[in-house]
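There are 2 protein chains.
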Amino acid sequence: MSSSAQPARSPSPRYGARPTMKDVAARAGVGLKTVSRVVNGEPGVTPDTERRVQDAITALGFRRNDSARILRKGRTASIGLVLEDLADPFYAPLNRAVEEVARAHGALLINGSSAEDPERERELALAFCARRVDGLIIIPAGDDHRYLEPEIAAGIATVFVDRPAGRTDADVVLSDSFGGAREGVAHLVAHGHRRIGFIGDRPRIHTATERLRGYRAAMAAAGLPVDESWVSLGPTAPERVRAEAERMLAGPQPVTALFTGNNRVTATVVRVLARSPRPVALVGFDDLELADLLSPGVTVVAQDAARLGRTAAERLFRQLDGVAEPPQRVELPTRLIVRGSGELPPAEG
Amino acid sequence: MSSSAQPARSPSPRYGARPTMKDVAARAGVGLKTVSRVVNGEPGVTPDTERRVQDAITALGFRRNDSARILRKGRTASIGLVLEDLADPFYAPLNRAVEEVARAHGALLINGSSAEDPERERELALAFCARRVDGLIIIPAGDDHRYLEPEIAAGIATVFVDRPAGRTDADVVLSDSFGGAREGVAHLVAHGHRRIGFIGDRPRIHTATERLRGYRAAMAAAGLPVDESWVSLGPTAPERVRAEAERMLAGPQPVTALFTGNNRVTATVVRVLARSPRPVALVGFDDLELADLLSPGVTVVAQDAARLGRTAAERLFRQLDGVAEPPQRVELPTRLIVRGSGELPPAEG
DNA sequence: TCCGGATCTGACAACGTTGTCTAGGCTCTA
DNA sequence: TAGAGCCTAGACAACGTTGTCAGATCCGGA
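These protein sequence lines map, in sequence, to chains R and P. Per our numbering, the first sequence starts with residue 15, numbered consecutively. Per our numbering, the second sequence starts with residue 15, numbered consecutively.
In structure tokens, the structure reads:
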């Protein structure tokens, strides 16, 4: 700090009361605005004055109150991200990618998990709006986002990711769930499977129905009938998924392959199959850490979660930079990563 | 919304300009303070007045500006979390746990990744302080946290997690890295291994040196010598880890078992060992998704990341509730999860 | 009819910062 | 040496909210 060893001799800050620019100004013997100039690196301050102010700042432990600054300036340099679960291995990299873009634009990130609850999504999004975030990135849990219209009209930039917004026109960044699932199922078909099961998330989740649509398209393209007992949409709780997988694997005409609708489902099904007496082929949507090391390896339809996040954040900041474009729908490709599980011969002939 | 179908006939909000309580008051024909009362659910407003105000609020799309509120009230109802990497499978659940506790206390969470860079940690923490978060949870990247002292003195509650703070006295919540590593290595020793390698993170990271200390303690307790070529601390980039693992596995006197210092290292080493002609035992610090499905299964020393986060957040809110206690150090136990890899006979006799 | 008290309401200042505007001092040139 | 022009500095209002306080209204009871 300052070279003279004077340990905070003058009014040491009371506990809980922070010094303000006024305090700094008084101590430095300058005007309020001069302190503001120094703090913000604005020009027009003599080196000598600046030093005096800096000394006062360090002596008092002053730190600018950004709430006041935000109130005055209108922009908060922060964005909000509402996702489903911060800890989900699929969303965490997305979160991180958004953070990086925000950081590059000098913005802070506020985030929260909706836990797939539309009401909670709404609460979070509106709380962020009350904080006057400059922009909002949302992974929708609900299917009606009209509640955001006043906010969007008031200038809060908004981008939806992973799933489209409901009943509202806004930027969306998606993965090609339909095409990815179709490709994954086609891979199984190409390896001779005819009875293929599909286990996915609840039908009100857009990606779940899209992937199911891809499954049906691939089956239809191959001229294969779909027995409805092979299709299961519902919560991804391990118990349900396990039960469904076991159901499909039992009986006189069991499926010989499974397509799983997301990383959580895949992880559970991998565990079920590890105990299966017969080999059962598996292709899953979303890549898994260590999936390459399982034997047989798990073939997956991989999304680039980080790219989803990055793309969404970049679109958001484009909006914030004032680029006026009509709402756009960006669809990112998926990538089939073949790891051998598909190559298993079907258990039957 | 309101039953009368009048689509925002009067001054529709200009784009980018949000209505304020003043606007609402004007439209409702009441005073400013009355609007404030309605918005905050304070008593003393006639049902009739309240309805008029509510109507004006929905008509204008008013949402309280929390920046102004915060400025006025002093408390922000938000906490900041600085961690190493939002997307790391170890920190993501910690993040989520903190979020849950914050939510239970009605607080929002702002977070950021330090990427193991002390300067970035400092920037983030101070940016959060400038936003006047009520409290701060930090996974330290640096080893000198004196920069936080003015903030702590000014009343920002602070808790460190996963690693202790440097040169500052504050609450800390840790896992028992030393004990966990010692137990993990002892497990290998108990299965007959004598030449055990250790690959960990950079030595300036507290958990890395603690785990190494645990390794040495277990070896010493068993009367086993440690060849320094078996020990490697450094960045956890896959290339380096792979090279080190391969080095330890080569030569005339290769290690027969490896202890890995965290999840990233373990994941890389698992891949190396999958290609190894000889079986090599492995115990890793931190559990891995799907680790139970590998063959051989990977034995791990598991930390409860969520519990770390929860505990830290709870201590933080205890501080915020004004419970005055001296800084405390909480150490959570680890859990050895045996999955068979340790039982492999050493490659030698 | 009047008064005490309760209830409802609004005027005003304050939170800490930044934008605008003006004053004063200085340098430079004619 | 006077005037123009630049540079530095500070006074003041405003951002949108909430706390304080005082005014207005209404009720019941004497």
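From the three backbone atoms N, C-alpha and C, an ideal C-beta is built for every residue, glycine too. Source: prediction; values computed, not measured.
Check: Three-way DSSP call (helix, strand, coil) for R:T60 in this model; Outcome: coil
Check: Option in P:N276, P:G265, P:R329 and P:L346 with minimal Cα separation from P:A338; Outcome: P:R329
Check: Whole-angstrom distance between P:R160 and P:K87, CA atom to CA atom; Outcome: 28 Å
Check: Three CB pairs or more closer than 8 Å across the segment 115–132 of chain R and the segment 308–317 of chain R; Outcome: no
Check: Contacts around P:D306, its chain only, beta-carbon distance under 7 Å, and the 5 residues preceding and following it disregarded; Outcome: R353
Check: Reduced DSSP secondary structure (H/G/I, E/B, other) of P:V44; Outcome: coil
Check: Closest by C-alpha distance to R:S243, when choosing among R:E258, R:C143, R:V199 and R:A106; Outcome: R:E258
Check: Three-state class that DSSP yields for P:D176 in the structure shown; Outcome: coil
Check: Beta carbon proximity, R:A82 to chain P, threshold 8 Å; Outcome: yes
Check: Test: P:E4 CB closer than 8 Å to a CB of chain R; Outcome: With chain P covering only 15 through 363, there is no way to say anything about residue 4 of chain P.
Check: Among R:E114, R:D37, R:G120 and R:R349, the one whose alpha carbon lies nearest that of R:G194; Outcome: R:R349
Check: Enclosing beta strand (DSSP E) for R:D80 [first to last residue]; Outcome: Taken as a continuous stretch (DSSP letters only), R:D80 belongs to no beta strand (DSSP E), being part of the alpha helix (DSSP H) at D80 to K87.
Check: Burial state of R:S309 (16 or more Cβ within 10 Å); Outcome: exposed
Check: For R:A144 and P:T60, the rounded distance between their alpha carbons; Outcome: 26 Å
Check: Inter-residue spacing [alpha-carbon to alpha-carbon] between P:L188 and R:L97; Outcome: 28 Å
Check: Straight-line gap, P:Q20 to R:S81 (C-alpha atoms, nearest Å); Outcome: With a pLDDT of only 32 at P:Q20, under the threshold of 50, the placement of this residue in the model should not be trusted; the figure read from the coordinates follows. Taking the straight line joining both Cα atoms gives about 36 Å.
Check: Burial state of R:V203 (16 or more Cβ within 10 Å); Outcome: buried
Check: Rounded C-alpha distance that separates R:Q342 from P:R324; Outcome: 40 Å
Check: Beta bridge counterpart(s) of P:I152 as assigned by DSSP; Outcome: P:V96 and P:F174
Check: Rounded straight-line distance, which links the Cα of P:L85 to that of R:G43; Outcome: 26 Å
Check: Whole-angstrom distance between P:A326 and P:R332, CA atom to CA atom; Outcome: 10 Å
Check: Rounded straight-line distance, which links the Cα of R:I351 to that of P:G211; Outcome: 33 Å
Check: Alpha-carbon spacing of P:A320 relative to P:P107, whole angstroms; Outcome: 5 Å
Check: Chain P within 8 Å of R:V187, Cβ atoms only; Outcome: no
Check: Cross-chain neighbours of R:A288 in chain P, by beta carbon under 8 Å; Outcome: L307
Check: The segment 288–298 of chain P / the segment 248–255 of chain P touching (three or more Cβ pairs under 8 Å); Outcome: no
Check: Cross-strand partners of R:G55 (DSSP beta bridge); Outcome: BP columns for R:G55 are empty, so no partner.
Check: Cβ contact check for the segment 276–288 of chain R and the segment 65–75 of chain R: 3 or more pairs under 8 Å; Outcome: no
Check: Listed by chain order, chain P residues near R:S127 by CB distance under 7 Å; Outcome: R110 and E113
Check: Sheet register partners of R:G354 (DSSP bridge); Outcome: R:G311
Check: Which listed residue (P:R77, P:R134 and P:I213) has its alpha carbon closest to that of R:A167; Outcome: P:R77
Check: Counterpart residues of R:E345 in DSSP-defined beta bridges; Outcome: R:L188
Check: Helix, strand or coil at R:S290 according to DSSP, with G and I counted as helix; Outcome: coil
Check: CA-to-CA distance, R:R208 to R:M262, given in whole angstroms; Outcome: 14 Å
Check: Residue-level contact to chain P via CB, R:P61, 8 Å cutoff; Outcome: no
Check: Beta-carbon proximity check, R:A139 vs R:L162, cutoff 8 Å; Outcome: yes
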